[in-house]
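Residue numbers (the working numbering): 11 to 468.
Every residue gets a Cβ at the ideal spot worked out from N, C-alpha and C, and that includes glycine.
These numbers were taken from a predicted model, which means no experiment stands behind them.
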Ligand code: URP
Ligand code: ZN
Ligand code: ZN
């Protein structure tokens, strides 16, 4: 099976040139000028960018949360991702108390089985780490291809683990080339604030944001970095939302510490005024960390330009407004946390980053694909366009506009956080390991095309 992509402008994290790409079976086999060999499929990319498929290293498909589950499963969520030019997701498996790490991963393998439209991997959220469980990390890293773990400083009684456990887990992961991803918010202080607010009758969605101040995130971020320094390991801060937390990462990196962080489109484009929308509408934006004051956005863009932030993920964790978000109608703490995003990350960042001149095209590719591939053990198989790399490719039309709407999106959720936004930059054709899954904006793949990818330790 051969596919020839002709006349495109190939952009990677470091290159920008015009050439043709020959794909044979699942990988790129040749890149050159004016290739004219016979192929089963020929794609004309004149006037288009050809970029590495997006890698979204932070999604939650079918995540049980607050008495319900995120509304996309591994089929609907990955079809939506493919529409948006993302060809690999790293989702979060959850270890529940009493469960072994291996059981938790097996459980997530079963959830995904036969469904994904694109390639996928898992991080493991660890919640219960006595010595026997810590010992399992070695097997996960070296045999199962699970090289990253998420720990929570938030959600006491559900996900939170104490600092001693964080230190032990970082040490153990580090010994084997694994990486700890940290949900860095002081959940203990936040819990007190939440209880106070509710006791005073402040139950509306906006109090979700008002009880999770930026200082709580900055404290968690600084503490995570300090514990990692004591353990002698790197740390990756997930869904960083604000300047206060960014400063902690920046200071650490200026000192030469291996601190990494991601932010997400919602923190770059939406702000806390969205919680003031009439009625219960603000619940659509209840996510953790919450949306912040608009002044943070320029700081986050600066962080992305200066490499204090390396990755843009989505933290895609959709809950329908009807029936799911409504669980918290009388109590903001019962609104399931999270929002949809996996489908529009590439277009939003192109439109709001490249088209506005905030970042250049190479940085766009790095932030949406290459850096995640490097940090999470997928590079150079994924995250670039090179001979021998997986043919995860996006023919991206930089001039076409789309209007984002829940009426037309492919995520299984009844609202869009960007309803009515007109954005420039549309993934037109998407190849996942050599197979065209999106052709001129239409999904032509089938469930189960995607494959689990074992990742390499650092
Ligand atoms: O609100 C969010 N972010 N929900 C998903 C869980 C998490 O903490 O990433
Ligand atoms: Zn989190
Ligand atoms: Zn998340």
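Taken in chain order, the complete alpha helix (DSSP H) segments of 4 residues or longer contained in the region 232 to 281 are 253 to 264 and 275 to 279. For residue 220, the enclosing alpha helix (DSSP H) has its first and last residue at 216 to 220. By the neighbour-count definition (other C-beta atoms within 10 Å, threshold 16), residue 423 is a buried residue. Here DSSP, grouped into helix, strand and coil, assigns residue 157 to coil. Of the residues assessed, residue 313 falls on the buried side of the cut-off, its CB having 16 or more other CB atoms within 10 angstroms. Relative to residue 139, the option among 181, 346 and 460 whose CA is nearest is 181. Bridge pairing for residue 373: absent [DSSP].
Fully contained in the region 52 to 127 are the following beta strand (DSSP E) runs of length 3 or more, in chain order: 59 to 62, 64 to 69 and 96 to 104. When distances are taken from the beta-carbon of residue 325 to the heavy atoms of ligand 3, the shortest one is below 6 Å. A direct Cα-Cα distance of roughly 11 Å separates residue 202 from residue 166. For residue 218, the distance from the CB to the nearest heavy atom of ligand 2 is not below 6 Å. Remark: the C-beta of residue 193 is in contact range of ligand 1, defined as less than 6 Å to any heavy atom. Residue 440 places its beta carbon less than 7 Å from that of residue 447. With contacts defined by Cβ atoms closer than 7 Å, residue 375 and residue 60 do not form a contacting pair. Cα atoms of residue 32 and residue 278: separation of roughly 36 Å, rounded to the nearest angstrom. In chain order, 195, 196, 199 and 200 place their CB closer than 7 Å to the CB of residue 226, counting only its own chain and leaving out the 5 sequence neighbours on each side. For the options 26, 158 and 293, the alpha carbon positioned closest to that of residue 466 is the one of 158. Around the beta carbon of residue 11, fewer than 16 other beta carbons sit within 10 angstroms, so the residue counts as exposed. Bridge partners of residue 437 according to DSSP: 406. Residue 179 holds the alpha-carbon nearest to the alpha-carbon of residue 142 among 117, 179 and 125.
At least one heavy atom of ligand 1 falls within 6 Å of the beta-carbon of residue 347. Taking the Cα of residue 334 as reference, the smallest distance to any Cα among 363, 369, 357 and 294 is reached at 294. In this structure, the CA atom of residue 19 is about 7 Å from the CA atom of residue 57. Residue 51 and residue 460 have their C-alpha atoms spaced approximately 20 Å apart.
Residues of the same chain with a CB within less than 6 Å of the CB of residue 234, apart from the 5 flanking positions on each side, are 192, 194 and 245 in chain order. Counting only runs that start and end inside the region 135 to 180, the beta strand (DSSP E) elements of at least 3 residues fall at 158 to 162. For the 7 Å CB-CB criterion, residue 393 and residue 415 do not form a contact.
In the structure shown, residue 334 adopts coil according to DSSP, grouped into three states. Judged by their CB atoms, residue 89 and residue 122 are not nearer to each other than the 7 Å cut-off. Remark: the C-beta of residue 297 is in contact range of ligand 1, defined as less than 6 Å to any heavy atom.
Where residue 312 is concerned, the enclosing alpha helix (DSSP H) starts and stops at 305 to 315. Per DSSP, reduced to three states, the secondary structure at residue 45 is coil, with no helix or strand assignment.
Sixteen is the threshold: when 16 or more other Cβ atoms of the shown chains lie within 10 Å of the Cβ of residue 229, as they do, the residue is buried. Of all alpha-carbon atoms in 62, 17 and 44, the one lying nearest the alpha-carbon of residue 377 is that of 62. Annotated three-state conformation of residue 329 is coil, per DSSP.
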